[in-house]
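Read top to bottom, the protein sequences are chains A and B. Using numbering that gives the first Met the number 0, the letters of the first sequence correspond one by one to residues 0 to 194. Using numbering that gives the first Met the number 0, the letters of the second sequence correspond one by one to residues 0 to 175. Ideal Cβ placement from N, Cα and C applies to all residues, glycine included.
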Amino acid sequence: MDYWNLFIGFFRIGILGFGGGPTMIPLVHAECVKKYGWISDDEFSDVLGMGNALPGPIATKMASYIGYKVKGIVGATIAIIAIVVPVLLMMILLLGFIYKLKDNGIVGGMTEGIRPVIGVMMAVLAYEFLKKSWISWTKRRTVLWLLISIGALVGLGLNPGIVIGAALAYAFIESTSMTRKSKRENANSDRSSAE
Amino acid sequence: MKLLELLWAFFVSNILGYGGGPPIIPLIQAEVVDHYHWMTLEQFADVLALANALPSPIATKLGGYIGYQVSGVAGAIVALVATIVPTAIGMIILFKFLHLFKTSPQVVAMTQIVRPIVAVLMGILAYQFFNSAYHSSGIVQTGIITAVSLIALEKLKIHPAIIIILALAYGAFVLG
Numbered sequence: 000m001d002y003w004n005l006f007i008g009f010f011r012i013g014i015l016g017f018g019g020g021p022t023m024i025p026l027v028h029a030e031c032v033k034k035y036g037w038i039s040d041d042e043f044s045d046v047l048g049m050g051n052a053l054p055g056p057i058a059t060k061m062a063s064y065i066g067y068k069v070k071g072i073v074g075a076t077i078a079i080i081a082i083v084v085p086v087l088l089m090m091i092l093l094l095g096f097i098y099k100l101k102d103n104g105i106v107g108g109m110t111e112g113i114r115p116v117i118g119v120m121m122a123v124l125a126y127e128f129l130k131k132s133w134i135s136w137t138k139r140r141t142v143l144w145l146l147i148s149i150g151a152l153v154g155l156g157l158n159p160g161i162v163i164g165a166a167l168a169y170a171f172i173e174s175t176s177m178t179r180k181s182k183r184e185n186a187n188s189d190r191s192s193a194e
Numbered sequence: 000m001k002l003l004e005l006l007w008a009f010f011v012s013n014i015l016g017y018g019g020g021p022p023i024i025p026l027i028q029a030e031v032v033d034h035y036h037w038m039t040l041e042q043f044a045d046v047l048a049l050a051n052a053l054p055s056p057i058a059t060k061l062g063g064y065i066g067y068q069v070s071g072v073a074g075a076i077v078a079l080v081a082t083i084v085p086t087a088i089g090m091i092i093l094f095k096f097l098h099l100f101k102t103s104p105q106v107v108a109m110t111q112i113v114r115p116i117v118a119v120l121m122g123i124l125a126y127q128f129f130n131s132a133y134h135s136s137g138i139v140q141t142g143i144i145t146a147v148s149l150i151a152l153e154k155l156k157i158h159p160a161i162i163i164i165l166a167l168a169y170g171a172f173v174l175g
């Protein structure tokens with residue numbers, strides 16, 4: 000049953016993802032967080048964020064992570080096949096037909112039609128992540144990192160992968176040094192209480 | 000030999016393609032057109048236009064289709080494996096790392112720092128989608144579709160697949 004759900008979920012993501020990778024991000028959220036509950040909101044943000052720090056197409060990266068979590072290597076394979084193969088077969092088998100469609104404006108109209116829908120889904124996701132960060136992190140840090148990422152992504156136009164990679168490295172180093180410091184302080188207070 | 004070349008061409012272009020599908024396209028073009036001469040620039044442009052007209056990730060459509068043109072079904076499989084598997088392994092390692100250390104302060108800190116950045120990233124993408132909708136279909140159509148889909152998604156909680164299918168149909172008959 001899980002295999003079938005994985006296939007259907009990622010098939011829907013692939014077949015409805017007109018306009019490339021980013022279109023599929025809110026669809027992955029709708030299927031994998033909301034409909035099937037395979038991953039939590041937090042995990043979705045982890046996968047999306049950290050997935051962006053790796054090269055390659057984002058949709059297949061998300062499919063492999065989520066498929067693997069649900070049903071191991073077989074699950075990852077099914078999720079990837081479901082998102083990639085049906086449309087590829089269409090492309091190879093129905094070449095002439097699609098060529099005709101491509102030029103008569105219908106496909107262009109379809110891609111135009113879903114843009115605002117995807118825009119709405121993206122905006123809702125942005126709002127939800129912001130709310131989550133606001134509630135579960137310190138407000139000062141949320142605002143600070145909002146400003147940093149707006150400056151880096153919009154102002155400087157840096158690649159998201161690089162911005163996220165740098166932020167992850169910073170978080171790792173900072174929390175490591177804080178853990179060490181608090182351990183040292185604990186050790187000191189243990190010693191002084193022993194005396 | 001062709002299969003090895005396909006494996007290498009699509010491995011290199013995807014592993015160097017940082018930031019998802021679109022940045023990968025010129026790298027694939029460099030391998031397929033300039034380096035291996037599997038197709039001319041015009042042919043590549045045709046394949047790209049065809050791939051853009053269809054849903055699902057662009058990199059896998061290009062890989063699978065060009066692989067098929069060069070070496071048949073085996074070529075398609077090899078190009079797809081080269082496109083997908085290296086980063087899929089990366090994601091599985093990431094999964095194991097997150098689960099093994101999910102309570103460690105480092106992973107907690109990384110999860111927290113990613114959230115506001117992802118929020119900004121989604122906000123930028125939302126803006127780009129609205130902006131391109133405004134430029135291609137105008138303010139009225141964009142406003143109508145936005146309002147209807149916001150109500151359908153958030154108030155009526157209709158599954159996005161249904162809304163997207165309706166929007167595709169609306170686009171095909173009204174905007175096309």
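Item to check | Minimum Cβ-Cβ distance from residue 25 of chain B to chain A less than 9 Å | outcome: no
Next on the checklist: One question on the structure: do residue 9 of chain A and residue 78 of chain A come within less than 9 Å of each other, judged by their Cβ atoms?
Outcome noted: yes
Checklist entry - Taking residue 153 of chain A as the reference, which of B:155, B:116, B:135 and B:153 has the closest Cα? => result B:116
Next on the checklist: Please confirm whether residue 149 of chain A has its beta-carbon closer than 9 Å to some beta-carbon of chain B.
Outcome noted: yes
Item to check | Buried or exposed (CB count within 10 angstroms, at least 16 for buried), residue 68 of chain A | outcome: buried
Checklist entry - Is there contact between the segment 142–151 of chain A and the segment 111–125 of chain B, where contact requires at least three CB pairs shorter than 8 Å? => result yes
Checklist entry - Is it buried or exposed for residue 113 of chain A, if we count other Cβ within 10 angstroms and need 16 for buried? => result buried
Checklist entry - Is residue 158 of chain B near residue 60 of chain A, with beta carbons less than 9 Å apart? => result no
Checklist entry - Taking only beta-carbon atoms, is residue 149 of chain B less than 9 Å away from chain A? => result yes
Checklist entry - Can you tell me the Cα-Cα spacing of residue 5 of chain B and residue 73 of chain B, whole angstroms? => result 10 Å
Checklist entry - Helix, strand or coil: which one does DSSP assign to residue 56 of chain A? => result coil
Next on the checklist: Taking DSSP's pairing of strands, which residues face residue 17 of chain A in a bridge?
Outcome noted: B:54
Next on the checklist: Cβ closer than 8 Å: which chain B residues qualify as neighbours of residue 11 of chain A?
Outcome noted: 160
Item to check | Contacts of residue 111 of chain B in chain E (Cβ-Cβ under 8 Å) | outcome: No chain E is present in this structure, whose protein chains are A and B.
Next on the checklist: I want to see whether chain B comes within less than 9 Å of residue 5 of chain A, judged by CB atoms only; does it?
Outcome noted: no
Next on the checklist: Classify residue 128 of chain A: buried if its beta carbon has 16 or more other beta carbons within 10 angstroms, exposed otherwise.
Outcome noted: buried
Item to check | Amino acids of chain A, ordered along the chain, whose beta-carbon sits closer than 7 Å to that of residue 47 of chain B | outcome: Within chain A, no residue comes near residue 47 of chain B; the closest Cβ sits about 11 Å away, beyond 7 Å.
Item to check | Local Cβ density within 10 Å of residue 129 of chain B, reported as buried at 16 or more and exposed below that | outcome: buried
Checklist entry - Given that residue 15 of chain A touches chain B, what residues does it touch there, using C-beta distances under 7 Å? => result 54, 160 and 163
Item to check | Chain-ordered neighbours of residue 163 of chain A on chain B, where CB pairs are closer than 7 Å | outcome: 113 and 116
Checklist entry - In chain B, what lies closer than 8 Å to residue 186 of chain A by C-beta? => result Correct list: empty, because the minimum Cβ distance to chain B is about 17 Å.
Checklist entry - At a Cβ threshold of 9 Å, is residue 42 of chain B touching chain A? => result no
Next on the checklist: I want to see whether chain A comes within less than 9 Å of residue 135 of chain B, judged by CB atoms only; does it?
Outcome noted: yes
Checklist entry - Which whole-angstrom value is the C-beta distance of residue 21 of chain B and residue 83 of chain A, which I expect to be below 8 Å? => result Residue 21 of chain B to residue 83 of chain A, Cβ: 17 Å. No contact.
Next on the checklist: If we define contact as Cβ-Cβ less than 9 Å, is residue 36 of chain A a contact residue for chain B?
Outcome noted: no
Next on the checklist: Relative to the C-alpha of residue 19 of chain A, which candidate in B:25, B:59, B:26 and B:136 has its C-alpha closest?
Outcome noted: B:59
Next on the checklist: Taking 8 Å as the cut-off, does the segment 92–99 of chain B touch the segment 100–114 of chain A (at least 3 CB pairs, one atom from each stretch)?
Outcome noted: no
Next on the checklist: Distance cutoff 9 Å, beta carbons only. Does residue 41 of chain A sit that close to anything in chain B?
Outcome noted: yes
Checklist entry - What are the complete beta strand (DSSP E) segments, minimum 3 residues, inside the segment 151–175 of chain A? => result none
Item to check | Below-9 Å beta-carbon distance, residue 183 of chain A vs any chain B residue | outcome: no
Checklist entry - How big is the Cα-Cα spacing for residue 40 of chain A and residue 132 of chain A? => result 11 Å
Checklist entry - If you draw a straight line from the alpha carbon of residue 112 of chain B to that of residue 10 of chain B, how long is it in whole angstroms? => result 31 Å
Item to check | Backbone secondary structure at residue 155 of chain B - three-state DSSP | outcome: coil
Item to check | Terminal residues of the alpha helix (DSSP H) in which residue 41 of chain A lies | outcome: 40–51
Checklist entry - Candidates B:170, B:31, B:114 and B:86: which alpha carbon is nearest residue 137 of chain A's? => result B:114
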